[in-house]
Amino acid sequence: LPLADAPAQSAPPCQFILGFATLHNLDTADTGSCLDNQAFAANGDAQEHTTNGLMAWRKADNWTAFTNGYWTWINGPNGLAKRLNTQRFSWEANPDNLPLADAPAGHTFYASSYYTANTIYCDDDPGWRSLSPAYLVSYPSLAAAEAALPGYHLHQAC
Numbered sequence: 045l046p047l048a049d050a051p052a053q054s055a056p057p058c059q060f061i062l063g064f065a066t067l068h069n070l071d072t073a074d075t076g077s078c079l080d081n082q083a084f085a086a087n088g089d090a091q092e093h094t095t096n097g098l099m100a101w102r103k104a105d106n107w108t109a110f111t112n113g114y115w116t117w118i119n120g121p122n123g124l125a126k127r128l129n130t131q132r133f134s135w136e137a138n139p140d141n142l143p144l145a146d147a148p149a150g151h152t153f154y155a156s157s158y159y160t161a162n163t164i165y166c167d168d169d170p171g172w173r174s175l176s177p178a179y180l181v182s183y184p185s186l187a188a189a190e191a192a193l194p195g196y197h198l199h200q201a202c
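Below you can see the structure in the form of structure tokens.
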């Protein structure tokens, strides 16, 4: 008897998992659909191609992002954030000292050093005026304030 041709089996469809799934679900329109499954590099970093760009995860600092080659979307401490590829956020590693996407120019930032405090105020936010002078600290930039006060958050943008 002649052997019948076996039906061709298709590969299972690609899928986003873990941090890539989270990032994709936050902005499906910009990230697009997966083209392949995530793959790991020798250093442990992961990448996954999409119809609109590339998902990337950096093992060293658990950084997860999507880029279309011009913009980068990051699942940051305050949710999804978007910046140019030539910028960094104040809360990102920045060994190349790229310009900060979230650094308002010409503002002073205030906070309380009291042990229960956790809020940074821009100088145009009247909330800082209610801080106790005994604990009042100021910084020349948001990046400086966040570096000095881990765990604090900005009350409202300048």
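Numbering (the numbering used here), first residue to last: 45 to 202.
Backbone N, C-alpha and C fix where the C-beta goes; we use that ideal spot for every residue, glycine too.
For residue i, three-class secondary structure by DSSP
i, result
"Glu190", "helix"
"Trp135", "coil"
"His153", "Going by the sequence as given, residue 153 is Phe instead of His. Residue state, collapsed to three classes: strand."
"Ala109", "strand"
"Leu198", "strand"
"Leu62", "helix"
"Ser174", "helix"
"Thr116", "strand"
"Leu67", "helix"
"Thr163", "strand"
"Thr94", "strand"
"Ala83", "strand"
"Ala145", "coil"
"Ala125", "strand"
Cα-Cα separation between residue i and residue j, rounded to whole angstroms
i, j, result
"Leu98", "Tyr158", "43 Å"
"Ala191", "Val181", "13 Å"
"Ala187", "Asn141", "12 Å"
"His93", "Thr163", "38 Å"
"Thr160", "Gly123", "24 Å"
"Pro57", "Thr130", "34 Å"
"Tyr183", "Leu193", "10 Å"
"Trp101", "Ala178", "43 Å"
"Ala137", "Arg173", "32 Å"
"Ala65", "Asn112", "17 Å"
"Tyr196", "Asp167", "16 Å"
"Leu79", "Ala85", "18 Å"
"Gln59", "Asn87", "22 Å"
Residues near residue i in its chain [Cβ-Cβ closer than 6 Å; skip 5 each side]
i, result
"Gln200", "Asp169"
"Ala145", "Arg127, Gln131, Phe133"
"Leu198", "Ile164"
Residue nearest to residue i in terms of C-alpha spacing, selected from the options
i, options, result
"Ser77", "Thr95, Tyr114, Ala155, Ala83", "Thr95"
"Ala90", "Asn112, Trp107, Asp74", "Trp107"
"Lys103", "Asn112, Thr111, Gly113, Ala83", "Ala83"
"Ser176", "Tyr165, Cys166, Ser156", "Ser156"
"Gly150", "Cys202, Ala73, Asn87", "Cys202"
Whole-angstrom C-beta distance between residue j and residue i, which should lie under 8 Å
i, j, result
"Ala109", "Trp117", "6 Å"
7 Å Cβ shell around residue i - same chain, five flanking residues per side excluded
i, result
"Trp43", "Nothing in the structure corresponds to residue 43, since the chain is present only between 45 and 202."
"Leu70", "Asn119, Leu124"
Contacts around residue i, its chain only, beta-carbon distance under 8 Å, and the 5 residues preceding and following it disregarded
i, result
"Thr75", "Leu67, His68, Thr94, Asn96, Gly97, Met99, Phe110, Trp117"
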